[in-house]
Amino acid sequence: MAYRENDTGTTQTKPLPKDTKKKDVNKEDLHAQLEEDLALKQHLELRVERIYDVDPEVQKVALESMRQEVRTSISSMTYVPKLLKFLRPHYRTLKAFYETMLDSGLKKYLADILSVLALTMSVEVKRESLKYRLLGSEGDICSWGHEYVRILAGEISQEYLMRQSEDAPVDDLMELVEQIVAFHMKHNAESEAVDLLMEVDDLDPLTEHVDITNFRKTCLYLTSAARYLPDPDDILFMDTAYSIYLVFYEFASALQIALFLDNLEHVCEVFTSCDDLLMKKQFCYILARQGINFELDDDMVEDDEDRELSQAIINNVKLSEGYLTLARDIEAMEPKCPEDVYKTHLLDGRAIAGANVDTARENLAATFVNAFVNAGFGKDRLMTDLADSSSDGSSGNWLFKNKEHAKISVVASLGMILLWDVNSGLAQIDKYLHSDDNYVIAGALLGVGLVNCSVTNDYDPALALLSEYINKEDSSIQIGAIMGLGIAYAGAQDEQILNSLIAILKHENVPHDVIAFTAISLGLVFVGSSNGEVAQAITDALTGRSVSELGQPLSRLLVLALGLIYLGKQEGMEATSEVSKSFSKKMRNYVDITLLSCAHAGTGNVLTVQKLLGHCSHLENAETSQGSAVLGIAMVAMAEEAAVISLGLIGAGTNNARIAGMLRNLSSFYYNVPGLLFCVRIAQGLVHMGKGLLTLNPYHSNRLLCSPQGC
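Its first residue numbered 17, the sequence shown is counted upward by one per residue in our numbering.
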């Protein structure tokens with residue numbers, strides 16, 4: 017304590033500054049550190065001098081001790097050690113001395129030291145760390161630490177590319193790669209190991225180093241990286257992940273990879289490799305969700321009864337039963353009406369009081385909303401309740417509050433309400449097939465297709481029923497039957513349907529609208545198949561249209577049908593796209609954009625998005641192709657979580673209160689614009705689809721797989 021006299025003459029104490037002692041301590045520590053650094057510098061300079069000594073024994077001791085000190089200093093390096101800083105001035109002289117040494121073990125020891133010193137001294141293009149590593153002593157390079165191994169891996173990648181261009185051997189590099197990969201896999205650096213193997217074009221060593229602790233992380237990186245690689249590298253990455261999953265009995269993950277690759281041989285291998293019946297049933301549910309036709313054999317499921325049950329799962333025979341069981345468990349069986357979705361009582365009243373109501377369009381919107389919200393439940397308040405009370409289905413019910421084409425939608429909506437319930441659904445729709453109204457019959461045929469959607473039945477009732485109507489003279493009935501086949505057998509690639517529909521495409525006197533919907537139906541049945549015969553038939557139908565017909569909106573359906581054939585396939589549609597060269601510029605742009613968008617749907621391909629954005633940039637010359645380009649961007653990017661087309665689609669089947677509220681407010685805003693109000697109603701129906709139990713999202717299995725049939 018210090019004393020001083022105050023103004024009154026008395027004395028008082030004043031403490032010394034608090035940091036004084038700390039500063040003294042810091043000065044002492046700094047002085048000691050400087051002395052330690054000086055001692056280390058002198059010690060290393062002495063080692064360097066002894067390396068130059070003519071006595072081999074002195075050289076040996078100096079090199080061995082320096083080699084050990086360098087190895088110790090960088091083994092856990094997070095910054096440049098002082099040892100390397102003090103040796104940097106000697107790097108060039110040591111390099112020069114190395115060149116004068118005779119080949120011996122001592123020369124290899126010096127190469128080891130120079131390889132490490134090159135980390136901070138070498139020019140990148142010279143890759144001297146790798147150069148002296150190859151000249152150095154043999155042994156475990158990983159003992160030199162992670163940072164050294166990481167830099168060495170980068171130089172190996174550059175050296176490999178150079179040697180490949182010069183057609184030089186790379187065996188010595190691959191020996192180092194083996195060691196580095198083993199090191200990375202043991203130290204939680206699986207991604208770095210995969211990256212290095214990708215740079216040297218050889219993933220084979222990876223399978224030798226995966227184990228139970230790291231195979232999941234390795235496969236996750238492989239499948240994630242595959243999305244950003246060009247063909248065939250992406251296929252190679254996915255194949256490697258498939259093989260690893262199979263080795264470690266992760267059969268469900270292996271099956272998902274097999275489906276992603278569209279490789280049915282891999283699918284069969286997964287079934288035959290697994291002995292667990294319950295797991296095989298899980299495989300069947302995955303196949304059912306993907307929507308592919310797959311037949312089990314004796315090798316996959318040995319017991320006949322078990323095989324029959326498993327095949328029923330794949331065919332979605334019990335899908336309606338399971339769906340309704342879930343609905344009963346959560347007490348969601350009570351039918352809803354459109355007003356339960358609109359909730360107009362929550363609005364401010366102007367939408368009701370001053371609305372310019374278009375009754376026909378409002379009824380049509382109510383039909384769609386009713387079908388969406390009650391989809392699959394088998395009951396509703398507009399169609400089934402009243403139809404059940406009428407023996408012939410012709411009473412003054414909801415159907416006859418609609419006119420002409422609207423009747424098609426009304427009757428077809430019954431198929432959505434009875435979705436997947438084939439036996440009961442066909443029985444209820446059958447009465448409408450005996451109507452005198454062609455629009456009602458057409459709607460019933462569409463309803464038959466909807467009821468059978470995603471369900472495979474051994475007796476093919478939809479095919480037997482709809483085939484009788486596809487050659488009717490009335491175009492409405494004919495289109496209803498044709499589209500019913502497309503919906504019921506989407507993705508089935510059925511040859512019988514192919515022959516029937518191609519015959520219609522080739523017929524000379526078929527109306528243009530029938531041709532367009534026949535092409536769409538073929539596109540649905542053979543979606544994502546890259547089937548050349550179907551593509552050629554649609555192409556011939558498109559090129560056979562007159563100039564006036566090509567100018568009609570229905571002609572776009574022919575182009576879309578072509579796109580469906582190559583949906584998500586990326587490659588293979590080049591030959592088909594050549595057809596566009598004979599069209600006008602406007603039609604040519606539309607064909608090219610549609611094919612490009614469909615072929616890369618869900619891939620997230622950045623280059624494709626950039627091409628499509630280029631078509632959207634010239635707003636002063638707005639045309640049809642720009643609208644398709646905007647939709648194309650959404651299709652390509654739809655695998656991303658934030659990719660949306662509309663509020664109705666992103667919220668389909670979610671019952672999302674926020675989206676429902678926004679749409680409700682929009683219905684109030686557009687209360688006097690019938691066209692826009694109709695769109696809002698459709699979106700509201702989509703949000704409440706299946707009372708929250710259905711989705712339009714085609715992605716499943718952690719967004720790895722995209723079902724070509726959609727939802």
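C-beta atoms are modelled at their ideal positions from N, C-alpha and C, and glycine is treated no differently.
- Assignment of CYS632 by DSSP, reduced to helix, strand and coil, places it in the helix class.
- Taking the Cα positions, GLU587 is about 58 Å away from LEU118.
- In the DSSP annotation of this structure, the continuous segment of the alpha helix (DSSP H) that includes LYS522 starts and ends at 511 to 522.
- Take SER683, set aside five residues on each side of it, and the residues of its chain with a beta-carbon closer than 8 Å to its own are TYR358, THR360, LEU363, ALA367, LEU693, VAL696, ARG697, GLN700, in chain order.
- A distance below 7 Å separates the beta carbons of LEU578 and ILE554.
- Ranked by Cα distance from VAL186, the first of VAL216, ALA519, VAL210, TYR164 is VAL216.
- Here the C-alpha atom of ALA506 lies approximately 11 Å from the C-alpha atom of ILE581.
- DSSP places LYS602 inside the alpha helix (DSSP H), whose first and last residues are 601 to 615.
- By the criterion of at least three beta-carbon pairs nearer than 8 Å, the stretch 425 to 438 is in contact with the stretch 448 to 461.
- By DSSP's assignment, TYR148 forms no beta bridge with any residue.
- Beyond the five residues adjoining it in sequence on each side, SER269 comes within less than 6 Å, by CB distance, of TYR261 in the same chain, given in chain order.
- Nearest in C-alpha terms to LEU521, of all of ASN547, THR559, LEU335, PRO690, is THR559.
- One thing to note: ASN473 has its Cβ no nearer than 7 Å to the Cβ of VAL530.
- The stretch 224 to 233 makes no contact with the stretch 241 to 250: fewer than 3 CB pairs, one atom from each, lie closer than 8 Å.
- When Cβ pairs closer than 8 Å are counted between the two stretches, the stretch 665 to 678 is seen to touch the stretch 705 to 713, the count reaching three or more.
- Annotation for ASP249: the continuous alpha helix (DSSP H) segment containing it runs 249 to 263.
- In the three-state DSSP reduction, HIS704 falls in the coil class, being neither helix nor strand.
- In this structure the stretch 315 to 328 does not lie against the stretch 341 to 353, because fewer than three pairs of beta carbons, one per stretch, are closer than 8 Å.
- Partner residues in a beta bridge of CYS469, as assigned by DSSP, do not exist.
- Straight through space, the alpha carbons of ALA532 and GLU565 are spaced by roughly 11 Å.
- Judged by DSSP in its simplified three-state form, HIS225 adopts helix.
- In the DSSP annotation of this structure, the continuous segment of the alpha helix (DSSP H) that includes ILE330 starts and ends at 320 to 330.
- Rounded to the nearest whole angstrom, the C-alpha separation of LEU177 and ASP45 is 50 Å.
- A Cβ-Cβ distance of about 7 Å is found for the pair ILE302 and GLN272, placing them in contact under the 8 Å criterion.
- The Cβ atoms of MET499 and SER470 lie no closer than 7 Å to each other.
- Of all C-beta pairs linking the stretch 306 to 317 to the stretch 435 to 453, fewer than three are shorter than 8 Å, placing the two stretches out of contact.
- Take the alpha-carbon of ALA78 and the one of TYR114: they are about 14 Å apart.
- Cβ-Cβ separation between ASP396 and ILE433: approximately 5 Å, consistent with a contact (criterion under 8 Å).
- In the structure shown, the three-state DSSP call for HIS716 is strand.
- The alpha-carbon separation between PHE299 and GLU163 amounts to approximately 44 Å.
- Here LEU721 is bridged, per DSSP, to HIS716.
- Taken through DSSP and simplified to helix, strand or coil, MET316 comes out as coil.
- Annotated as distal: ALA184 and LEU151, with beta-carbon spacing of 7 Å or more.
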